[in-house]
Every structure is written in C-alpha cells, then in structure tokens.
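Residue numbers for the sequence shown follow our numbering, beginning at 1 and rising by one.
Ideal Cβ placement from N, Cα and C applies to all residues, glycine included.
Since we're looking at a predicted model, the values are computed, not measured.
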Amino acid sequence: MRTQTRHWFIAACIMLACIILGVVVVGDTEASPYPALTQPAFAPSNLVRAIVAALYYAMIAVVLARALYRRHREDAWMLIAGVVAIMLVNEVLNVFLFRMGDAGLSFWARAGFAVILISTAWAAIRVDLVACVLLGIYLLWVGFDLIWAFDLMRLNPSPVTEAISLP
C-alpha cells in the first residue's frame with residue numbers, strides 16, 4: 001500500500017471505530033430524554049445537524065490523515081493525539097445530552113471539548129496549515145454549539161447548573 005494511501009486508510013479506520021463507539025455509548029436515541037427538553041429559539045434543525053456531522057467526519061478524517069502523513073515533524077504527534085482526543089470526546093459527550101438528558105453536563109462537556117479543539121488547532125499551526133484551517137472551520141460550529149448548549153442549560157436547570165447558580 002502506498003504511504004499516503006495508508007494514512008488515509010488508518011484515518012478512516014480510526015474514524016469508523018469512533019463512530020461505532022458513539023453508537024454503542026449513546027445507545028437507543030428513541031428512549032432519549034433529549035426531545036423533552038425545552039429548546040432555545042435558535043436550535044438548529046436535525047437536517048443542519050446531520051450536514052454538520054457529515055462535514056465534521058470528513059474534515060476530521062482529512063486532518064488526521066494529513067497529520068499521520070507528517071508524523072515525522074516535531075509536533076505532529078501532539079496534533080495526532082489531539083485529533084484522536086477530539087474524535088473520542090465528540091462521541092462520548094453526546095451521552096450527557098442524548099442518553100442522560102442533562103443539559104448542564106452537556107454544556108460543560110462541550111466547553112471541555114472546545115478547549116481540546118483549540119489546543120489541537122494550535123498544534124496544527126506548526127504541522128499543517130490545511131489541518132489548522134479545517135479545525136478552525138469546525139471551531140466556528142463548536143462556538144455556535146456552545147452558545148446553544150448554554151441556552152439549553154439555562155432553559156433546563158439540572159443539579160449541575162443549580163450548584164453553580166447560573167442566572
């Protein structure tokens with residue numbers, strides 16, 4: 001297998017493993033308490049979320065493949081570790097919202113996810129500019145998602161939000 005093709009294959013396998021992990025961890029969304037939560041007025045439709053999810057998987061796979069291709073650069077392993085962390089945390093954080101229905105935990109998990117994403121984009125600056133731009137584009141969505149999750153948390157108080165007494 002050619003070197004570059006191998007990187008794409010490895011990236012696709014890791015992505016597929018993370019998707020499977022997400023399906024297993026989140027479980028049956030039919031029984032999810034999420035639909036019963038009061039939604040912010042600017043909640044994105046399911047179609048918009050599906051489009052963003054498809055773009056996310058494509059962009060993250062490209063970022064990972066490019067990082068693997070440049071693995072001999074000094075900071076490439078930080079980028080690779082960050083991208084794998086992004087993929088794993090992205091799948092697991094959905095548990096708080098779709099399985100537990102806890103908007104507070106969901107917001108704080110998304111805030112932590114944003115920190116990982118920003119750190120990974122920072123690492124990408126030194127390794128691969130295209131990867132950095134792709135992560136920056138995704139960061140725009142995550143910023144919107146954080147605002148949405150904060151409003152969702154505000155509209156649906158939980159023990160987490162009550163403990164920190166948000167207005």
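Quick check: the Cα distance between residue i and residue j, rounded to an integer number of angstroms?
i    : j    : result
W122 : G136 : 10 Å
V133 : V62  : 11 Å
G22  : I116 : 18 Å
Y138 : P40  : 21 Å
M59  : I86  : 12 Å
I147 : L140 : 11 Å
I125 : L79  : 9 Å
I20  : A54  : 15 Å
What does a CB cutoff of less than 7 Å around residue i pick up in its chain, not counting 5 residues either side in sequence?
i   : result
R70 : A76, V127, D128
W8  : A65
Roughly how far, in whole angstroms, is the beta-carbon of residue i from the beta-carbon of residue j, given that I think they are within contact range, below 8 Å?
i    : j    : result
A67  : V83  : 6 Å
M15  : Y57  : 6 Å
V95  : V25  : 6 Å
D102 : S158 : 5 Å
A114 : V142 : 5 Å
Y34  : L97  : 6 Å
For chain B, find out if any of its Cβ atoms is closer than 7 Å to the Cβ of residue i; answer yes or no.
i   : result
V83 : No chain B appears in this structure, which consists of one protein chain only.
Who are the Cβ neighbours of residue i in its own chain at under 6 Å, not counting the five residues just before and after it?
i    : result
F150 : F107
Tell me which residues share the same chain as residue i and place their Cβ nearer than 8 Å to its Cβ, disregarding the 5 neighbours each side in the sequence.
i    : result
S119 : G82
Tell me whether the beta-carbon of residue i lies closer than 7 Å to the beta-carbon of residue j.
i    : j    : result
N156 : L47  : no
G112 : M153 : no
Inset, instruction - Would you mind listing the alpha helix (DSSP H) stretches within the region 129-158 that are 4+ residues and don't spill past its ends, in chain order? - result: If we require 4 residues or more, the alpha helix (DSSP H) runs fully inside the region 129-158 come out as 129-155.
Inset, instruction - Enumerate, from N- to C-terminal direction, the unbroken alpha helix (DSSP H) stretches of 4 or more residues contained entirely within the region 16-89. - result: List check, alpha helix (DSSP H) in window: 46-69.
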